[in-house]
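Input: a single structure, listed below in structure tokens.
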Amino acid sequence: MPAENITSRTVTFDERAFLVDGQRKLLVSGEIHYARSPRELWPLLLDHAKKLGLNCIASYVFWNWHEPDRDVYDFSGDRDLGHFLFLCAERNLDVILRAGPYCCAEWNYGGYPPYLRDEPEIVIRTWNEPYLRRVEKYFSHLVPEFRPYLASHGGPIILVQVENEYANVAKRYGAEGQRYIAWMGALAKKLGVDVPVIMCEGGAEGAVETVNGFSICREGMIQFRKAHPGMPIFWTELWPSWYDTWGFQRHYRDPRNIASHILSFIANGGAGFNYYMFHGGTNFGRTSMYLQTTSYDFGALLDAHGRPTLKGLYLAKLHTLLTRNAAIILEGKCEVRTDASGDLTATWRHAGKSLTVVCQKSPFQAMVKDEKTSVLFDTEKVYSATVASHRPSTWKEFTTPKEWRAWTEPSPSERTDDAIASPAPLEQLSLTHDNSDYCWYSAEIKLEKNGDHVLKLSHCADVMSVFIDGRPVGVSQPPFLENRGPTSTTANVKSAEPQVNPLESAVGHYNQTFTFRSLKGVKRLDILASSIGMVKGDWMIGASMNTECKGIWGKTVCDGCSIKNWEMRPFLAGEKLKLPTAMESVGWRSASKVRNQTCTWYRSTVMISKRILNSNADFRLDANGLGKGMLFINGHALGRHWLVEGKGYGADEPWQNIEVEGLSLGPTGEPTQRFYHVPRAWLSEVNELVIFEERQCAPANVRLEIRKA
Ligand code: GAL
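Here my numbering is used: the sequence shown runs in plain steps of one and ends on residue 1025.
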């Protein structure tokens, strides 16, 4: 329940700001997704939010986090939304709750529960009865969880967002789509949401529309005002950098550029902003969208462990300045001048005081002065001072686990569980319902000659490992494109009609060809299909999200002949045995005896003293030397690992001019992600580290690193 000393508050808005109890409030907000950290970390994250000068926290509520299986709702433990809200209230932090049902966020399936894909007659994100019924049912469970925390009930929630950036798909769904988002806003209100409902980048009658971006330009704000008279301009997503996807270098955004854009936004009459992300956190387990790395660092103000970054320490000084001067900014009379070179000067006057912001375009920097023309903030000087006083703590080796033991997955022919037989391969999600990344596809093929052979899969996703008679002969690389095109040329393909697409019609991004050497004869073909997350939005597959497919669902041909009679085995045998927690269910042997094996589970024990556990040290796993698979500690899923080299920018980067946005890249020649967050809360004195490795890589160089705060 909300802290007792808070009484009911009203939230309204005018063209300058949101008002809490009739007082305009400059929102200096930061996004923290509680689903991206264990609950033990939440207090530290919120304490730092407070220390770095925020007055508000935003979070998405991921539907699939709270309805992990159809009709199974979970608001406990790390999913305890009420507890997160309580911790915000305790610290006097307001909350913007971004309630979905659709979120995006580089989270698996944009937050939707994967079961939605297979609901009969469903079309997601538009006016469609089966979809609306599921949304209404979920919302009728969700809203009572957060209703007591609404400002009107004395709680911290001042704004509730429904849907997300509907403008991205509005064209596809036309009038039906508009009807759906208007219904969403009305549903929230019907269920008792009595604070303003907001919608970002795409709005509906009755909701306050807000804006997202790296920067919000003056021209855009003038247009926004014309289109939304009487509404404040709130920046729901201020991107302090960008997310990282497998196969590319990591991103970096210059903090000075961020500060300058904030000041220019405020100078042009912005009502407040929310860093997306303030704390990016981690996509533990299988929560990442397609291609998203396990880290969701986002170049944020706090790192994954909750420690302020240099960017955070620097921007904190701007937050203090802004909140101290909130009254003059929101109540004062403001004069804005722009000159021919694009430089902008804004001066507010209020109660005998003045405040001036000067934003210079080239080089892009800004300065804030008061009426005595004392410089209160200078983007360059404050930055140099922050750099000079910053002493970052460093990571050191804590231990290199020894005595690795191994258990190799049985090949599909050795498995004792029943296979699903079908003349054509069956699409993977219809078999796993996304409860696993993995599905084996097996068939007999007859090779007519000795030498090179060509295997073609017309529709497959995401990563295929091919074996002939148990021997690894090829691994595919996905296209590393976020927008990979429709999963079918007939757009609405699902598990029911997987084999109808002729090879010729396959979209390049799902088409894989393997050349391998083999002697002639009847051979066993096994393909391990592995998913690296479901898409986050329609545009990634150029069709409704319920056409998302994994595994193999098209024509399969070897040396020009169709392959018939497939057997599918969803899940790894180790997953079925719940190996990360029930390790004694199989016989392990020394890892030195399983050299060059693919598809192998490894385990080792790591000891940590009570003293270190009770300190506030951080831990991470250096996955150096591993290939691709999954990591676990004490039964907790740390996420997917993949040591794929990062090269260049993501192919679908949304910006054109990186100079303007202050974006650059991390070093070349390194894996996109080598280090993996190991939350202290999941550690104990004796720790069982478990790795599933798809490739011929062993964990000899894996080590646990420590950082003392
Ligand atoms: C926005 C979206 C967020 C997140 C962000 C990526 O367009 O609303 O959910 O995906 O992009 O940085």
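For every residue, glycine included, the Cβ atom is placed at its ideal position computed from N, Cα and C. Being a predicted model, the structure only gives us computed values, none of them experimental.
Using a Cβ-based criterion (distance less than 7 angstroms to any ligand heavy atom), does residue i qualify as near the ligand GAL?
i: Cys1013; result: no
i: Asn599; result: no
i: Cys419; result: yes
i: Trp379; result: no
i: Trp1026; result: Absent from the model: residue 1026. The displayed extent of the chain is 317 to 1025, so no value can be given.
i: Trp555; result: yes
i: Trp592; result: The residue asked about is misnamed: residue 592 is Tyr in this sequence, not Trp. For the ligand GAL, at least one heavy atom lies less than 7 angstroms from the Cβ of Tyr592.
i: Asn480; result: yes
i: Asn1017; result: no
i: Asn528; result: yes
i: Glu798; result: no
i: Glu422; result: yes
Where DSSP assigns a beta bridge to residue i, which residues make up the other side?
i: Tyr376; result: Arg414
i: Tyr754; result: Ser846
i: Arg936; result: His993 and Glu1021
i: Met946; result: Arg956 and Phe1008
i: Met884; result: Ile736 and Tyr757
i: Val782; result: Gly790 and Ile843
i: Ile473; result: Val411 and Leu466
i: Cys1013; result: BP columns for Cys1013 are empty, so no partner.
i: Trp720; result: Answer is none; Trp720 lacks a bridge partner.
i: Ala483; result: Answer is none; Ala483 lacks a bridge partner.
i: Ser729; result: Per DSSP, none; premise fails for Ser729.
i: Lys762; result: Val838
i: Leu637; result: Its beta-bridge partners do not exist; DSSP assigns none.
i: Cys874; result: Leu771 and Cys877
i: Ala704; result: Note: Ala704 sits in no beta bridge, so no partner.
i: Arg833; result: Asp768
i: Thr598; result: Ser611
i: Asp385; result: Val388
i: Gly867; result: Glu743 and Ala777
So residue i and residue j are supposed to be a Cβ contact under 8 angstroms. How far apart are they, rounded?
i: Ile514; j: Asp410; result: The Cβ separation is near 13 angstroms, so there is no contact.
i: Leu634; j: Pro624; result: Not a contact, Cβ separation roughly 14 angstroms.
i: Trp562; j: Ile857; result: With 8 angstroms as the limit, Trp562 and Ile857 do not qualify as a contact, their Cβ atoms being about 18 angstroms apart.
i: Val684; j: Leu631; result: That pair is no contact at about 14 angstroms.
i: Ser781; j: Val791; result: 5 angstroms
i: Val327; j: Ala467; result: 5 angstroms
i: Asp733; j: Lys892; result: 7 angstroms
i: Leu579; j: Val476; result: Not a contact, Cβ separation roughly 29 angstroms.
i: Lys871; j: Ser774; result: 4 angstroms
i: Ser860; j: Thr695; result: At roughly 44 angstroms, the Cβ-Cβ gap does not stay under 8 angstroms, so Ser860 and Thr695 are not in contact.
i: Ile348; j: Phe550; result: That belief does not hold up - the Cβ atoms of Ile348 and Phe550 are roughly 18 angstroms apart, past 8 angstroms.
i: Pro1015; j: Trp720; result: 6 angstroms
i: Trp756; j: Met884; result: 7 angstroms
i: Pro354; j: Ala933; result: Actually they do not touch by this definition, with Cβ atoms about 16 angstroms apart.
i: Trp904; j: Ala722; result: 6 angstroms
i: Trp423; j: Thr603; result: 6 angstroms
i: Lys839; j: Ile784; result: 5 angstroms
i: Leu937; j: Phe887; result: Between Phe887 and Leu937 the Cβ distance is about 24 angstroms, and since that is not below 8 angstroms, they are no contact.
Ordered list of beta strand (DSSP E) runs contained in the stretch 648 to 697, each at least 3 residues: 649 to 654, 660 to 666, 669 to 676, 681 to 686 and 691 to 694
Whole beta strand (DSSP E) elements within the stretch 510 to 560, 3-residue minimum: 513 to 516, 524 to 529 and 550 to 554
Sequence ranges, beta strand (DSSP E) only - wholly within the stretch 900 to 934, length at least 3: 916 to 923
Runs of alpha helix (DSSP H) wholly within the stretch 399 to 466 (minimum 4 residues, chain order): Counting only runs of 4 or more, we get 445 to 462.
Length at least 3, wholly inside the stretch 341 to 368: the beta strand (DSSP E) runs in chain order: 343 to 348
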